[in-house]
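S.K.: Chains as they are written, first to last, in numbering that gives the first Met the number 0: chain A, 0 to 365; chain B, 0 to 365; chain C, 0 to 365; chain D, 0 to 365.
Cβ coordinates follow ideal geometry from the N, Cα and C atoms, glycine included.
Sharing a structure below in structure tokens format, with a few things to ask.
There are 4 protein chains.
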Amino acid sequence: MSGNTLGHLFTVTTFGESHGPAIGCVVDGCPPGLELSEDDIQQDLDRRRPGTSRHVTQRQEPDRVEILSGVFEGRTTGTPISLLIRNQDARSKDYGNIARSFRPGHADYTYWHKYGIRDHRGGGRSSARLTAPAVAAGAIARKWLHGQFGTVIRGYMAQVGEIAIPFTSWDEVARNPFFAPDAAVIPQLEAYMDELRRAGDSCGARVNVVAEHVPVGLGEPIYDKLDADIAYAMMGINAVKGVEIGAGFGSIVQRGSEHGDELTLQGFVGNNAGGVLGGISTGQPITVSLAIKPTSSIRTPRRSIDVGGEPAMVETFGRHDPCVGIRAAPIAEAMLALVLIDHALRHRAQNAGVHVSTPAIPGSSS
Amino acid sequence: MSGNTLGHLFTVTTFGESHGPAIGCVVDGCPPGLELSEDDIQQDLDRRRPGTSRHVTQRQEPDRVEILSGVFEGRTTGTPISLLIRNQDARSKDYGNIARSFRPGHADYTYWHKYGIRDHRGGGRSSARLTAPAVAAGAIARKWLHGQFGTVIRGYMAQVGEIAIPFTSWDEVARNPFFAPDAAVIPQLEAYMDELRRAGDSCGARVNVVAEHVPVGLGEPIYDKLDADIAYAMMGINAVKGVEIGAGFGSIVQRGSEHGDELTLQGFVGNNAGGVLGGISTGQPITVSLAIKPTSSIRTPRRSIDVGGEPAMVETFGRHDPCVGIRAAPIAEAMLALVLIDHALRHRAQNAGVHVSTPAIPGSSS
Amino acid sequence: MSGNTLGHLFTVTTFGESHGPAIGCVVDGCPPGLELSEDDIQQDLDRRRPGTSRHVTQRQEPDRVEILSGVFEGRTTGTPISLLIRNQDARSKDYGNIARSFRPGHADYTYWHKYGIRDHRGGGRSSARLTAPAVAAGAIARKWLHGQFGTVIRGYMAQVGEIAIPFTSWDEVARNPFFAPDAAVIPQLEAYMDELRRAGDSCGARVNVVAEHVPVGLGEPIYDKLDADIAYAMMGINAVKGVEIGAGFGSIVQRGSEHGDELTLQGFVGNNAGGVLGGISTGQPITVSLAIKPTSSIRTPRRSIDVGGEPAMVETFGRHDPCVGIRAAPIAEAMLALVLIDHALRHRAQNAGVHVSTPAIPGSSS
Amino acid sequence: MSGNTLGHLFTVTTFGESHGPAIGCVVDGCPPGLELSEDDIQQDLDRRRPGTSRHVTQRQEPDRVEILSGVFEGRTTGTPISLLIRNQDARSKDYGNIARSFRPGHADYTYWHKYGIRDHRGGGRSSARLTAPAVAAGAIARKWLHGQFGTVIRGYMAQVGEIAIPFTSWDEVARNPFFAPDAAVIPQLEAYMDELRRAGDSCGARVNVVAEHVPVGLGEPIYDKLDADIAYAMMGINAVKGVEIGAGFGSIVQRGSEHGDELTLQGFVGNNAGGVLGGISTGQPITVSLAIKPTSSIRTPRRSIDVGGEPAMVETFGRHDPCVGIRAAPIAEAMLALVLIDHALRHRAQNAGVHVSTPAIPGSSS
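Okay, here's the thing in structure tokens:
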């Protein structure tokens, strides 16, 4: 209710601030019997971790996760899994000069008005650092989904500022610090980022996420539609300003005879639906696209006001990502996994025992 | 949990099917003491109602709402408000020919797989007719928000198929059946719709919604961000495939020095944020844009399969909107109102007694 | 959140006031495919209905239920089931004389302070009439539980005022207006009630409820324990002031060597646990006992104050049950059914696929 | 949903097992601005702590709490407060001999059937040790309630086995290890406990809790009645088998003319209601009474079965409380505080702005 818990049957309750003693979460509702170790979680955390290339924030956080509960003799017990990550490299002094001013584009102003108290150190609770617990929880969700349905969830960078990135291969995504699915574009991206850093500015990005091998039938009829919950989860990621499913905004200029994916015995012909019809999964790949705004913390001086209501100029000298979209792919994957596992459990609650004679047709060839 | 309830403190639980005896909802959590009559609700229902021009479905539904509870001597009592709308013009026989086949682009296939039972009459529960109860509930939310904060929520048609519509004036929106904010474009839209109808095809649309006079501080920090909840509410509207807040997908190609709205004593300079920073309202107008796919029910024959898993050709002869986006503005307004009232009540629960000395700066002049 | 919805996966949202146009509920989360007709529900409503003997209120309400949604061709569809009961015999004028005064023992005073608005007609929303929608919803739950597990839920009157009623037979319960499980005590009960009515007074009661053939494993570990949810559901019934599970308050004077039910291959030896250990069902009968206070609306003049803060004397001349416990058995059965179905669905969500080699031992022979 | 979270607006999500690395909770929804330190919480934890007298378990746990988040510069920020308690004295080997057998009266059997996995070490998640996080969270709730309304919540031991304890004074409660409100009875209690320990047996208890200075108007109308939520919270405490509000089971033999508390300008006359009418607080003291069963882990050999379905004899040699009721008072106080703060916040959400001219009359003199 206070906005720190995600999900209904598989829930993630996060806690912590960017520069407090620790961050973490309690994962509740994970089915018992799943093999789980800290290594399973660490892999995904490492993909999101800061400080791994010169193109992201230089804050050094090992982000080592500790499982405090819910696992016994290497398996989940069905009780809450508590995950703890201690903060290490919190240089709060970097933020001393902005303690009283509101940074344009930042949550400073709104937190101040909402809570009447402001933890100015690194953005406090509004920091993107708080996506780490979600990534950790998402790792558990992914493992379970893969074991149950063979579900594979992968994200990639589709555009950095003006540079659109062609999709060449999933294999390439893990080979470069941009999560770009094309090797040829890397030098261009590096030059672009270096120039931004010199200019003390930042840029936006588009990240795509795809979930394959999702069972048919996930999602609720009116208000917890699968695509609605995906939109909620994605728009809730720091800096996201737009979400598309399937054809997305492109569907505005489509005709019905073009958009509606036909069905044949070989499967759906096309996937304008993005794997969701009437809010419920079709069995096709779920395809999602995100617009991520440019980082607000930049070294360019900007006009603002302070907590006393006086004019102020603000520059941010802390360590920041010049393009927050770069580390967004693992976060978006985790959020998609968390939405899917929640709906998979809801489906199980509601519909066990329902037998449909029609076989699910194969997923789209697209 | 079964996806028929919206909201946390101001909740709307809907029921009904397109061709069942009735549709309606229970609105719970409305503060006591609000003056409320059926007329207050009917006004919004009438804006969404079918059959009002040749450009929308010809189904004749008066959509008369009856208040069954929660209002005593003209005021809300704080207890559940039950709203009932009887279905009148349910010509189920129109659907007999598609009872066994799945319509491309429709929820038929997914409902069948989810529930093992299919109410083929007019789409059953998946019909856009089920947005009527939300519009009714939204009318209550709007009235309360306006009384408390002066909040005004308005939507308009921004694009029909390839035809982008310039924003000329709010006044124009109510004067034409397209909710278009420009008089000059109407003949073009009419010709376009007539042509589509002749072709037995349909088209997509873009609808924008704006909420003005929203108090600063609404929204939760991590998972029930105001923009996340808006994305959820909007993506849950039938046929919506994309949602943007503020600069939306345009922010991909912006620089941080351009996107981050500066603050001055006269207010924010620009509104790329769309009225939300860090998931919390800034006091500026909330601006949302939706992509709506073309209607799936068209008279063009399309390939599909039936419940027995056999190939089938499907044409839809029922009464349908050639552009479902046309009636979407009042629905989007209602959904935005429902999200805002829920957050306004949550804010009240959490933060009463917090006093911030900084005055909220004026809303953006944009 | 506003206290009008029960359950998590199988939810009941009620609406209505004692003297408004209608009462009813929306049942959400009922699994699809259950055969359901209005007759299935009417049977339970008729057992709770007023006016059926001289020992209960003489208000004449047929309590005919109408199913407005969620059932298609005689089976549930998995979408919300809306149930409507029109009020018929609302003699609001009976309450005119108490419109401004607070009746001792009644919710008048607290509703006035909570809502600032008071529907004085028959208690408005606080009336026990509002248990009717729960009984209707409970009928659906019972039918599903019986079909899935053979669960049988039955309640009976165990004590009326000072008169303890021996348990002789379940068959007897349906044969008298008191739900008493013993024929011999009926004349004594009738004389007692007649005397109370003459005296213009009322009395308390104890009602017991038993659920047999409940599967092992229902209930959550810490906060939604099965017995906790039962206590919540029972204490929420109008006029209930105490709830016991199994040995209840008798366990205070037991030793551990007496209370802890031993296990043998033939089953548990005894059922002090009342079918719940560690908050989770054991497979034994669930046994619950309720204390129900005497009706507050009596013809005896009593001291009170009015809405202006002035002293007042209050007598209640409306039609009232002299012992509200008399009609409580079907209500308690319904509440128990609603708790059990909710936990059965939760269990399914969380634990499908878990295989335990230990067979569940037979239920206790007690 | 998985039963590890309590509350709606002020939520407590607990984690941990009796013999895992740590236990703790995340408290969400605490209003910002409350002064809070670890000492505030430690005081209540120390009252519940084991090993403080020879009459309770000898397990040595300092139960030192660490605040990981949600507090900045000595005040709550409105974001989640994470509380961590490391387990120290976990002698799992004590439990080796019962790893395969089910202890009569214990959750072993039901956890095994629910989860298919059993953490046999000290009861795992079902251990009463898991009440510590709730006590810690309750300390925060109490501090806030006291600051807002002057609310005081106190519990005491009212009966140990057959020994009823007269209420002499609140001051006495803190002076003896039994939380007994009478000094004279202490020698008798000590002798009784020593005898039980020699016999290898255990006994039940009655604990009473009272909340004074509770504002009028807390509680919801139908399903989240204040007394229903209290019953839920109390029945969820380990070993509780019965809950009473006000006159409780005594109301069965009362007449309406006796039970219904009259109102005068000086306040309510009597408090049979226990501070709740129609599920909503009256402003009088909330009075609750609990039946606590005798400890199940005793040194007396008892019949059972094992996980293979074979007969077994079980004796428990671990360190256990001979009367779990002894440490129950601080737990019951915490649960009552958690229910009250949740309803106080809900009340604020729903009813701010409602002005009632009738003054709340003074609390009962009883």
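Using the beta-carbon count (16 or more within 10 Å), is residue 163 of chain A buried or exposed?
M.R.: Exposed, because fewer than 16 other Cβ atoms sit within 10 Å of the Cβ of residue 163 of chain A.
S.K.: Any C-beta of chain D sitting closer than 7 Å to the C-beta of residue 158 of chain C?
M.R.: It does; some Cβ of chain D falls within 7 Å.
S.K.: Could you tell me which chain C residues have their CB closer than 8 Å to the CB of residue 99 of chain B, listed as they occur along the chain?
M.R.: Here the premise fails: no neighbours, minimum Cβ distance about 14 Å.
S.K.: Residue 74 of chain D: which of D/141, D/30, D/327, D/179 sits nearest, CA to CA?
M.R.: If we check each option's Cα against that of residue 74 of chain D, D/30 comes out closest.
S.K.: Is there at least one Cβ from chain B nearer than 7 Å to residue 9 of chain D's Cβ?
M.R.: No, its Cβ sits nowhere closer than 7 Å to a Cβ of chain B.
S.K.: So, using beta-carbon positions, are residue 171 of chain D and residue 182 of chain D closer together than 7 Å?
M.R.: For residue 171 of chain D and residue 182 of chain D, yes; Cβs fall inside 7 Å.
S.K.: From the beta carbon of residue 120 of chain C, is the nearest beta carbon of chain E less than 7 Å away?
M.R.: Considering every chain present, this structure includes no chain E. Its protein chains are A, B, C and D.
S.K.: Could you work out which residues of chain C lie near residue 16 of chain B, taking near to mean beta carbons separated by less than 9 Å?
M.R.: Within 9 Å Cβ-Cβ: 68, 69, 71, 76, 78.
S.K.: Which of the three DSSP states, helix, strand or coil, is assigned to residue 126 of chain A?
M.R.: Here residue 126 of chain A sits in coil by DSSP.
S.K.: For a cutoff of 7 Å on Cβ pairs, would you count residue 30 of chain B as touching chain D?
M.R.: Yes, residue 30 of chain B counts as interfacial toward chain D.
S.K.: What does residue 214 of chain C touch in chain A if you count any residue whose Cβ is under 8 Å from its own?
M.R.: Simply none; closest approach about 13 Å.
S.K.: Counting only beta-carbon separations shorter than 7 Å, does residue 347 of chain D have a partner in chain B?
M.R.: So, interface residue.
S.K.: Run through the DSSP bridge pairs and tell me what residue 155 of chain D is partnered with.
M.R.: According to DSSP, residue 155 of chain D bridges with D/207.
S.K.: Considering residue 137 of chain B, what are the terminal residues of the alpha helix (DSSP H) in which it resides?
M.R.: Taken as a continuous stretch (DSSP letters only), the alpha helix (DSSP H) holding residue 137 of chain B covers 131 to 148.
S.K.: Measuring CB to CB, does residue 16 of chain B end up less than 7 Å from residue 88 of chain B?
M.R.: Contact: no.
S.K.: In the structure shown, what three-state DSSP assignment does residue 311 of chain B receive?
M.R.: Three-state result, residue 311 of chain B: strand.
S.K.: Would you mind sorting residue 365 of chain B into buried or exposed? The rule is 16 or more other CB atoms within 10 Å of its CB.
M.R.: Because the pLDDT of residue 365 of chain B is 35, which lies under 50, any placement of that residue in the model is unreliable, and the number read from its coordinates should be weighed accordingly. So residue 365 of chain B counts as exposed.
S.K.: By how many angstroms is the C-alpha of residue 215 of chain B removed from the C-alpha of residue 363 of chain B?
M.R.: Low local confidence applies: a pLDDT of 42 at residue 363 of chain B is under 50, so the model's placement there is unreliable, and no value is given.
S.K.: What are the boundary residues of the beta strand (DSSP E) that includes residue 413 of chain B?
M.R.: The question about residue 413 of chain B has no answer here: the residues shown for chain B are numbered 0 through 365.
S.K.: Please classify residue 166 of chain D: does DSSP put it in a helix, a strand, or coil?
M.R.: If DSSP states are grouped into helix, strand and coil, residue 166 of chain D belongs with coil.
S.K.: Against chain B, does residue 262 of chain D count as a neighbour if the rule is that its beta carbon must be under 7 Å from one of theirs?
M.R.: Not an interface residue.
S.K.: Whose C-beta lies closer than 7 Å to the C-beta of residue 19 of chain D among residues of the same chain, with five residues either side of it excluded?
M.R.: So the list reads 86, once near-sequence residues are dropped.
S.K.: Would you please state the rounded distance, in angstroms, between the beta carbons of residue 279 of chain C and residue 106 of chain D? I believe it to be under 8 Å.
M.R.: Yes, they are in contact, since the Cβ atoms of residue 279 of chain C and residue 106 of chain D sit about 7 Å apart, within 8 Å.
S.K.: Measure the C-alpha to C-alpha separation of residue 342 of chain C and residue 218 of chain C and round it to an integer number of angstroms.
M.R.: Going from the Cα of residue 342 of chain C to the Cα of residue 218 of chain C covers about 6 Å.
S.K.: In chain order, what residues of the stretch 171 to 182 of chain B put their CB closer than 9 Å to some CB of chain A?
M.R.: Within the stretch 171 to 182 of chain B, no residue has a Cβ that lies closer than 9 Å to any Cβ of chain A.
S.K.: Could you check if residue 332 of chain A is buried or exposed, using at least 16 other CB atoms within 10 Å of its CB as the buried criterion?
M.R.: Result: buried.
S.K.: Under a CB-based cut-off of 7 Å, is residue 244 of chain D close to chain C?
M.R.: Taking Cβ atoms only, chain C reaches closer than 7 Å to residue 244 of chain D, which makes this a yes.
S.K.: Is the stretch 271 to 278 of chain A touching the stretch 97 to 116 of chain B in the sense that three or more CB pairs, one from each, lie closer than 8 Å?
M.R.: The answer is yes - the stretch 271 to 278 of chain A touches the stretch 97 to 116 of chain B, with three or more Cβ pairs under 8 Å.
S.K.: With H, G and I counted as helix, E and B as strand and the rest as coil, what does DSSP make of residue 354 of chain B?
M.R.: Because the pLDDT of residue 354 of chain B is 49, which lies under 50, any placement of that residue in the model is unreliable, and the question is left without a value.
S.K.: What are the boundary residues of the beta strand (DSSP E) that residue 285 of chain C is part of?
M.R.: First-last of the beta strand (DSSP E) with residue 285 of chain C: 285 to 291.
S.K.: Are the stretch 192 to 204 of chain B and the stretch 296 to 304 of chain B in contact at 8 Å, needing three or more beta carbon pairs?
M.R.: Enough Cβ pairs lie closer than 8 Å, so yes.
S.K.: Does the stretch 118 to 134 of chain D come close enough to the stretch 66 to 81 of chain D that 3 or more CB-CB pairs lie under 8 Å?
M.R.: Result no; under three Cβ-Cβ pairs closer than 8 Å.
S.K.: Given a cut-off of 7 Å, decide if residue 40 of chain B and residue 138 of chain B are closer than it, judged by their beta-carbon atoms.
M.R.: Their beta carbons are under 7 Å apart, which means residue 138 of chain B touches residue 40 of chain B by this criterion.
S.K.: Rounded to whole angstroms, what's the CA-CA distance from residue 245 of chain C to residue 209 of chain C? Just pull it up for me.
M.R.: Cα to Cα, residue 245 of chain C sits roughly 10 Å from residue 209 of chain C.
S.K.: How about residue 253 of chain A and residue 293 of chain B: are their beta carbons less than 7 Å apart?
M.R.: Yes, Cβ-Cβ distance for residue 253 of chain A and residue 293 of chain B is below 7 Å.
S.K.: Select from B/204, B/316, B/152 the residue whose C-alpha is nearest the C-alpha of residue 212 of chain B.
M.R.: Per the Cα distances, B/152.
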